[in-house]
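Taking it in order: structure first as structure tokens, then the write-up.
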């Protein structure tokens, strides 16, 4: 359920990046405040553990399919919500950078969907109250199950909202929800099973790891302030995105205004200025925004005939070809003079 | 730093769960000498090394490193005298490149950039892996990892090397390189090992641990040839000192 | 099905790539990170149905691949592994967006433009992320993050994760292989052994974290993670950044494809 960059618009990506950075900064403050340096290695190694553990496939009872661990809830239970959130951010960064799983612009979305909902919602508000001190096996199991399911449902809904607000696809909201939520119900149950099984094992083999003092508990007043902060960020973000998406999307909308002015300037000055500029303006006669190509004075959005002109199609193919040629030429140039790029090790 | 000696005096230690590990252990190591610490699994070797490094605190007894009696206050100073080489090099090499790992200690010691580089380069060439400086630790062979791990402590210029199973999981050639490296270094060494051939070859003295106490300590040649003693302590005499099973002769050593 | 050994191989490949030297590799990590970030934002800023306007951006990955001497095979493998899910979502566009649009002389369902746009964006974003790590490396990314003001703790945790991912992946590979050999050909791990298997790995990792911390503190670690001085942000780095940012800005503000098409038309004597 990682969001890809292709589905995220800059404003949605930016808002969630900001929310993630804010949460991250807050978590870092909490982690460095009370805890010893040992936590740094613990967070790093545990993040690597979650990444590796995600590779273990296991059979889902009653079906032929297999599932794997997500890890957000487990990290929160082992390290506490703050360190758990940071570790989850680290897992997602490695996935995005090294394995193209999730994206860079979408990183904020992914940390929010998979880290925030599990560490700051599911863990303190569901897992902890139900599981209590962890002495009851049944309670612990139920806690892990409910928290995992709720965490993933919230995360999946986050994906839907972020995708919708980004406006990169025109899936109907209802259809998207109907697709995402049931799938993530199944994934949530799987997550619950794995988390519960692993925590049960740890509790029996090495109970001191899950002792109350081992993790930094969220004090009762803090999560409210934190939730308030997050909600405020989200409201602002959603508002901004909504505003942007009713017009041609965000940045483009503002660009259009800019380019409109640019066009005026060029056309006004074309006859008077130097021949060089004239040549350029002849080559670049319009600015590729929908309003420029269509005959309508004010195209409505989405413009039904906001297509691509033939020269756009030809030019696009040409651009691709030229890019490939440039690459090949650079490759050839680098190859000829010396056997470069062979590394030094 | 000059080689420093080590004195352990009546050390008692038990883990928090009450399991006693060491009961009044004493041991001493002269500056510049190499002492092998041998004993069956569970005899207390690793615990002893942890105590020397100040990772664990004894319930009673004193640890003296080069004239400095170990306590909470001087832990930092004492640790500068010790180079602790872990059994698993992957625990010791935690940064992204061999160079960064070797430079980690000197940087924490507050040296400037040039001095750090000088120390790191010297350590890397001492162990013979100067060409691997830019490699990530996970791209090294077992032997290279071991050498890199040793370099990470040599760069801190310690007076005493504490090594935990240095020859574990090494192929014969890498083991040979390790032995010749260790024998060329001037530091005092405390080497916990199951490799009795290595103990015999490298260390003049050996201490045999059994049940949390020193069962015997003395010249390696004598102790490691005492089959009765070794058998009693759950060990086996190294091949090179055993009598030939055919003719009954012992190798001349 | 996730495969630990393949993941490990992919991890090694990208790490290996990042340790080379080339005109791109030798740039300051901050220059590479900033260029990538700008590239991402520019791609994402294009509208839902834009295809031809985005295509000139392919110059960036093409040139970078060539200059950095990165074989495209590894990139294609990566694309193939993440593409299906996005393509599934993209493929729904023609179903839901049936309103016709003109593309040159042809009229097609608007959804096809959305589909094409998503495919192009997917290719470009995945490629750019891959190229960043393949040229700057994880160490470079970490330095870039530090330079951009990300707190040290977060960066250290990230570096430590990177360091131990390879080790733990290798452990998981061995574990799953040992399990497969004795599980009678069943795929996947049964629920009953899941706890001990993953839990066991967890406890070993926990112990390892403790030993790593010991190793650090024995070498003078006091909570402050000291790294070497970063290389200087030089003139070539500035030029590299400015050149690409300038190009991205032009592509964003001017429809290069359209312009190219017109030039071609003019050269062809107005046949189009």
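Chains as they are written, first to last, in this note's numbering: chain A, 1 to 345; chain B, 1001 to 1253; chain C, 2001 to 2272. The C-beta atom is built at its ideal place from N, Cα and C for all residues, glycine as well. This one's a predicted model, so the numbers in the text were calculated from it and none came from an experiment.
Alpha-carbon spacing of residue i relative to residue j, whole angstroms
i                       : j                       : result
residue 1142 of chain B : residue 1136 of chain B : 13 Å
residue 2069 of chain C : residue 2022 of chain C : 7 Å
residue 2247 of chain C : residue 1097 of chain B : 35 Å
residue 152 of chain A  : residue 72 of chain A   : 10 Å
residue 2223 of chain C : residue 2012 of chain C : 30 Å
residue 39 of chain A   : residue 83 of chain A   : 8 Å
residue 118 of chain A  : residue 42 of chain A   : 19 Å
residue 1218 of chain B : residue 1163 of chain B : 19 Å
residue 1102 of chain B : residue 2206 of chain C : 24 Å
residue 266 of chain A  : residue 2254 of chain C : In this predicted model, residue 266 of chain A has a pLDDT of only 35, less than 50, meaning its place in the structure is not dependable enough to derive any value.
residue 1109 of chain B : residue 1076 of chain B : 10 Å
residue 1123 of chain B : residue 1150 of chain B : 9 Å
residue 2123 of chain C : residue 2079 of chain C : 7 Å
residue 1158 of chain B : residue 1205 of chain B : 21 Å
residue 2259 of chain C : residue 2061 of chain C : 21 Å
Close beta carbons around residue i, own chain, < 6 Å, minus the five adjacent residues each side
i                       : result
residue 1147 of chain B : 1127 and 1129
residue 2140 of chain C : 2029
residue 2251 of chain C : 2056 and 2057
residue 246 of chain A  : For residue 246 of chain A, the pLDDT reaches just 45, beneath the cut-off of 50, and the residue's location in the model is therefore unreliable, leaving the point undetermined.
For residue i, the three-state DSSP class (helix, strand or coil)
i                       : result
residue 1206 of chain B : strand
residue 1164 of chain B : strand
residue 2107 of chain C : strand
residue 180 of chain A  : helix
residue 1085 of chain B : strand
residue 5 of chain A    : helix
residue 2214 of chain C : helix
residue 2146 of chain C : helix
residue 80 of chain A   : coil
residue 270 of chain A  : Residue placement at residue 270 of chain A is poorly supported in this model, since its pLDDT is 35, which falls under 50; the coordinates are not used for a value here.
residue 171 of chain A  : coil
residue 960 of chain B  : Given that chain B is displayed from residue 1001 to residue 1253, the structure contains no residue 960 of chain B and the question cannot be resolved.
residue 221 of chain A  : Legend: pLDDT at residue 221 of chain A = 42, less than 50; position of this residue unreliable, value from coordinates given subsequently. Residue 221 of chain A falls in the coil class under three-state DSSP.
residue 14 of chain A   : helix
residue 1213 of chain B : strand
residue 94 of chain A   : helix
residue 59 of chain A   : strand
residue 2201 of chain C : helix
Proximal chain A residues relative to residue i, where beta-carbon distance stays under 7 Å
i                       : result
residue 2062 of chain C : 323, 324, 326 and 327
residue 2097 of chain C : 170
residue 2236 of chain C : Here the premise fails: no neighbours, minimum Cβ distance about 16 Å.
residue 2248 of chain C : Neighbours of residue 2248 of chain C on chain A: none; closest Cβ ~13 Å, over 7 Å.
Residue i and residue j closer than 8 Å at C-beta
i                       : j                       : result
residue 1065 of chain B : residue 1027 of chain B : no
residue 355 of chain A  : residue 2195 of chain C : Since the first residue shown for chain A is 1 and the last is 345, residue 355 of chain A is missing from the structure and cannot be characterised.
residue 1186 of chain B : residue 1032 of chain B : yes
residue 1000 of chain B : residue 1062 of chain B : Residue 1000 of chain B lies beyond the stretch modelled for chain B, which goes from 1001 to 1253, so this question has no answer here.
residue 1060 of chain B : residue 1019 of chain B : no
residue 2191 of chain C : residue 58 of chain A   : yes
residue 1038 of chain B : residue 1190 of chain B : no
residue 1196 of chain B : residue 1238 of chain B : yes
residue 2169 of chain C : residue 55 of chain A   : yes
Within chain C, partners of residue i - CB distance below 9 Å
i                      : result
residue 182 of chain A : Ordered by position in chain C, no residue passes the 9 Å Cβ test against residue 182 of chain A, which lies about 16 Å from the chain.
residue 87 of chain A  : 2157 and 2161
Neighbouring residues, chain B, relative to residue i (Cβ below 7 Å)
i                       : result
residue 2215 of chain C : 1086, 1091, 1092 and 1094
Under 7 Å from the C-beta of residue i: neighbouring residues of chain C
i                      : result
residue 167 of chain A : 2048
residue 201 of chain A : 2195, 2196 and 2199
residue 206 of chain A : 2203
Within chain B, partners of residue i - CB distance below 8 Å
i                       : result
residue 2162 of chain C : 1096
residue 2226 of chain C : 1104, 1107 and 1108
Contacts of residue i in chain C (Cβ-Cβ under 8 Å)
i                       : result
residue 1105 of chain B : 2219 and 2220
residue 103 of chain A  : 2040, 2125, 2126 and 2129
residue 1041 of chain B : By Cβ distance, chain C contributes nothing, its closest Cβ being about 17 Å from residue 1041 of chain B, past 8 Å.
Chain A residues whose Cβ lies nearer than 9 Å to that of residue i
i                       : result
residue 2078 of chain C : 99 and 100
Proximal residues to residue i (C-beta, below 8 Å), its chain only, five neighbours per side dropped
i                       : result
residue 1986 of chain C : Chain C is shown only over 2001 to 2272; residue 1986 of chain C falls outside these bounds and no answer can be derived.
residue 2197 of chain C : 2175, 2179 and 2189
residue 2099 of chain C : 2109 and 2110
7 Å CB neighbourhood of residue i in its chain, flanking five on each side removed
i                       : result
residue 1021 of chain B : 1013, 1014, 1015, 1044, 1047 and 1212
Checklist line | the segment 1–12 of chain A: positions lying closer than 8 Å to chain D by Cβ | finding: No chain D appears in the structure shown, which is made up of the protein chains A, B and C.
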